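The block underneath contains the structure these notes are about, expressed in C-alpha cells.
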Amino acid sequence: MLGDNIRLLRSVRGISQVELGEKLNVSKQSISNWENGNIQPSIEMLMKIADFFSVSTDFLLGLDNRTSIIVDGLSTEELSHIRVIIDDLVAAKRRMGIEQNDDRPRE
C-alpha cells in the first residue's frame with residue numbers, strides 16, 4: 006500500500022524516482038525499494054514524503070482512504086491522468102478481490 010501510494014503520488018507529480026530521491030536526499034534505489042515493498046522508509050522519512058506530496062502519513066500508509074491530494078492548479082490533462090490512475094488502481098483491486106471502502110471490523 007505504501008509503495009503503491011508513493012508511486013501514485015510520484016506519477017501524479019510527473020517526477021522520476023531520481024527526481025524524488027534528489028528532493029528527499031535519498032538514492033533512486035531507496036525510492037525503488039519503497040515502491041516495490043522491499044524496505045520501508047523511517048518514520049522521519051515518511052513524514053518528509055508526506056510533507057513533499059502534501060498528504061497525511063495516514064494516506065501514505067493506506068490508513069485513510071480519503072483522497073486528500075491537493076488538485077488546485079492542476080491542468081485538465083493532469084486531472085484526467087489522475088482519474089486514469091485511480092481507475093486502474095480500482096480495477097486492480099477488484100481483480101485481486103479487495104473490497105473498496107470496507108471498513109468493517111474483521112472477525
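Under my numbering, think of the first position of the sequence shown as 6, with each following residue one higher.
C-beta: ideal position from N, C-alpha, C; glycine also.
No experiment lies behind these values; they were computed from the predicted model shown.
Only buried fits R15, as 16 or more other CB atoms lie within 10 angstroms of its CB. Contact check for L66 against N10 passes: the beta carbons are separated by less than 9 Å. K33 is a Cβ neighbour of S21, given a cutoff of 9 Å.
In the three-state scheme derived from DSSP, where H, G and I count as helix and E and B as strand, N43 is classed as coil.
Of the other Cβ atoms in all chains shown, 16 or more fall within 10 Å of the Cβ of L25; this residue is therefore buried. Taking M52 as the centre and dropping the five residues before and after it, the same chain places the C-beta of T62 closer than 7 Å to its C-beta, in chain order. Spatial neighbours of N38 in its own chain (CB-CB distance under 6 Å, excluding positions within 5 residues in sequence) are listed in chain order as I44. Residues S61 and D63 of the same chain have their beta carbon placed closer than 8 Å to that of D69, with the five preceding and five following residues left out of the count.
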